[in-house]
Amino acid sequence: GENVEQHPSTLSVQEGDSAVIKCTYSDSASNYFPWYKQELGKRPQLIIDIRSNVGEKKDQRIAVTLNKTAKHFSLHITETQPEDSAVYFCAASDPGNTGKLIFGQGTTLQVKP
Amino acid sequence: EAGVTQSPTHLIKTRGQQATLRCSPISGHTSVYWYQQALGLGLQFLLWYDEGEERNRGNFPPRFSGRQFPNYSSELNVNALELEDSALYLCASKWDRRTEAFFGQGTRLTVV
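Residue numbers (this note's numbering), protein chains in the order written: chain A, 23 to 135; chain B, 31 to 142.
#1: Which of the three DSSP states, helix, strand or coil, is assigned to leucine 71/B?
#2: What does the alpha-carbon distance come out to for the pair tryptophan 78/B and threonine 50/B?
#3: Which class does glutamate 78/A belong to by DSSP, given the choice of helix, strand or coil?
#4: Taking 6 Å as the limit between beta carbons, can you name the residues of its chain near arginine 97/B, skipping five residues before and five after?
#5: Is it buried or exposed, lysine 122/A, if we count other Cβ atoms within 10 angstroms and call 16 or more buried?
#6: Counting C-beta neighbours from all protein chains within 10 Å, is the total for threonine 39/B 16 or more, i.e. buried, or is it exposed?
#7: So with Cβ pairs under 9 Å, would you call glutamine 74/B a contact of chain A?
#8: Considering only residues of the segment 94-129 of chain B, which uninterrupted beta strand (DSSP E) runs meet the minimum length of 3 residues and lie entirely inside it, listed in chain order?
#9: Tell me which residue opens and which closes the beta strand (DSSP E) that lysine 149/B is part of.
#10: Give the residues of chain B in contact with phenylalanine 80/A, contact being defined as C-beta atoms less than 9 Å apart.
#11: Alpha carbons only, please: which of Gln82/A, Arg83/A, Glu78/A, His98/A is nearest the one belonging to asparagine 89/A?
#12: Assuming contact is defined by CB atoms lying nearer than 9 Å, are proline 100/B and glycine 82/B in contact in what I supplied?
#13: Do phenylalanine 55/A and glycine 72/B come within 9 Å of each other at the CB atom, strictly closer than that value?
#14: Could you work out which residues of chain C lie near serine 61/B, taking near to mean beta carbons separated by less than 7 Å?
#15: Can you tell me whether aspartate 80/B is helix, strand or coil according to DSSP?
#16: Between glutamine 127/A and chain B, is there a C-beta pair that is closer than 9 Å?
#17: Start and end of the beta strand (DSSP E) containing alanine 59/B?
#18: So which residues on chain B does phenylalanine 111/A lean against when the C-beta distance must stay under 9 Å?
#19: Considering only the beta carbon of each residue, do serine 40/A and glutamine 132/A sit closer than 9 Å?
#20: Consult DSSP for glutamate 24/A and reduce its assignment to one of helix, strand or coil.
#21: Roughly how many angstroms separate the alpha carbons of serine 61/B and asparagine 107/B, rounded to a whole number?
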C-alpha cells in the first residue's frame, strides 16, 4: 500500500526565515496531496493542497511543489512568523480511490521570535 | 456553517472496557473517516463510512468497529480496551471521496 515519509521531524527557524518540509510517497497512482497544520490541542486544518496535474501551487506565504517523477512533494513557508509554529502533516490520497489519506509522521515547526 | 463535531472531548476508560465515540459531519457530507493519532505519531486511517455502509478499514483489529446513521453521523466503538488504545481519535468528513477532508477537534481517549 501507499507509504508517506516526511522529513524533518523537527524544524526550528528564526522569525522571517523560510521553512521547507519534504515528503515522499511510494505509489505513483496517488493524485492528491494535502498539507495540514495542527496547533497544540486543536484539529488538523488544511492549509494547501495540490493535485497531480499541477507542479506548483502558491497561497500567500505558503507554496507546495510536486515532482511526480521522483514521487516527492514539499511545503515551503516564507517569512515565517511565530504563529506558524505547529505540527505540519503531509498526506497522499489512497491510490485505491477510497478518499482516505495516508499521512506522514509530522514535522514540528518552531519559529523563534 | 457548523464544522465537524465530535463528542466527548475527553474520555477515560479502564482496560477491558468499551468506548463509544461520536462524530457529526458537516451538513451535506456523506463520507466519514476515522483516524487514530497516537502520541507523537501521524494519523493512522481506521475506518471509512459512506451512505450508511462501512466501505474500507485500516490495519486495526476487529475490536475497532463503528457505524453510520441515516443522518450520516457516525459512531466508533472500541471494545476490550488496551492501554495502547490511548490516543486522539479524529473524525473527518467529505462531500465525496475526491474533495477536501474537514476534521473534527477529536476525542482524547485515555485507557488506564
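Note that the Cβ used here is the ideal one computed from N, Cα and C, for glycine as well.
All figures in this text were calculated on a predicted structure; none of them were measured in a lab.
Result, derived from the coordinates:
#1: coil
#2: Going by the C-alpha atoms only, they are around 16 Å apart.
#3: strand
#4: Glu105
#5: buried
#6: exposed
#7: yes
#8: 94-98, 104-108, 117-124
#9: Absent from the structure is residue 149/B, since the part of chain B shown begins at 31 and ends at 142.
#10: It is lysine, not phenylalanine, that sits at residue 80/A in the sequence shown. What lysine 80/A touches in chain B: nothing, since even the nearest Cβ is about 18 Å away.
#11: When C-alpha distances from asparagine 89/A are compared across Gln82/A, Arg83/A, Glu78/A, His98/A, the shortest belongs to Glu78/A.
#12: yes
#13: no
#14: Among the chains of the structure shown, chain C does not appear; the protein chains present are A and B.
#15: Strand at aspartate 80/B.
#16: yes
#17: A small correction: the amino acid at residue 59/B is histidine; alanine does not occupy that position in the sequence shown. Where histidine 59/B is concerned, there is no enclosing beta strand (DSSP E), given that its DSSP letter is neither H nor E.
#18: Gly72, Leu73
#19: no
#20: coil
#21: 18 Å
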